[in-house]
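Written out below as C-alpha cells is the structure these notes cover.
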Amino acid sequence: ASLIYTDWANHYLAKSGHKRLIKDLQTDVTDGVLLAEIIQVVANEKIDDINGCPKSRSQMIENIDACLSFLAAKGVNIQGLSAEEIRNGNLKAILGLFFSLSRYKQQQQQAHRQNSQPSLSSAQSQSTHPPLSHQSSAPAQLSHSPHGTPAVTAQKKYTQVCLCILHFLAVSAALIHHCVISISLLPLPQAL
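So the sequence shown is residues 1233 to 1424, counted in this note's numbering.
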C-alpha cells in the first residue's frame, strides 16, 4: 500500500512540476513540507502557515497540524489521525491520511465530471441508440479530437485509464490494510 500511495502522490507532484518527489512515504512527509505540497496539488489550493524549513520537532508538528486542519475544513475525514503520529512516521497513520486524501481527490474528480458533462436533450434521452460517446467508434472519435492528434489523444485516454486503475488499487489496498488491522485488534475466541 505504501508504494501505491507513493506513486499516486508522485504522479500529482510531477504533473504540477514539483522537482521533489517522495522516495519513502514513511519518512518524507514527517516534517509536513512535502505533505503540504501534495495536499495543495491535490486540493488545488494553498495551505497557509507552512514553515518551508522547519528546524524543530514542534515546527514540523505545526506544519502537519496545519495540513490536517486544512483537510478537515475541506470535509476530509481525519478522525483518528494525529500530527504527532505522522511526525513519528507511524505508517498506519500516514496510510490512513493518504487513503482519506485519495478519497477526497476521487470525490473532487467525480463532482468535476458531473458538472462538466453536457446535459442531454429530451430527444436524445428518449433515443434507443446510446450517445455517440458510448458507441464503439474509436477511430471516428480519434479523428475528430479537438485536443490533438489521434495518437496523443489515445495516449491521454490510456494514461487516464491507468490512473483510474492505480487509484482503484490504492483504495483497495488501503481497505484491505484497514481490515487486517481491525481483525488483528479483535479478541481471540475462547476455547469451549
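Even for Gly, the Cβ is constructed at its ideal location relative to N, Cα and C.
Please state whether DSSP places A1304 in a helix, a strand or coil.
helix
Using CA atoms only, rank isn't needed, just tell me which of N1295, G1312, G1321 and N1320 is closest to P1286.
N1295
Using the Cα positions of S1377 and H1344, report the straight-line distance between them to the nearest angstrom.
Reliability of the predicted coordinates at S1377 is poor, the pLDDT of 41 falling under 50, and the value obtained from them is presented with this limitation in mind. Separation of S1377 and H1344 (C-alpha to C-alpha, rounded to the nearest whole angstrom) is 21 Å.
Using the three-state DSSP reduction, which class does K1324 fall into: helix, strand or coil?
It is helical.
Along the chain, where does the alpha helix (DSSP H) that runs through S1217 open and close?
It is not possible to answer for residue 1217, since the shown part of the chain is limited to 1233 through 1424.
Same chain only: Cβ atoms within 6 Å of F1330, ignoring 5 sequence neighbours per side
Y1237
Is the stretch 1249 to 1257 in contact with the stretch 1300 to 1312, if contact means three or more CB pairs nearer than 8 Å?
no
Closest by CA to W1240, which one among I1270, T1262 and L1323?
I1270
I need the straight-line Cα distance from A1233 to I1318, nearest angstrom please.
One C-alpha to the other measures close to 16 Å.
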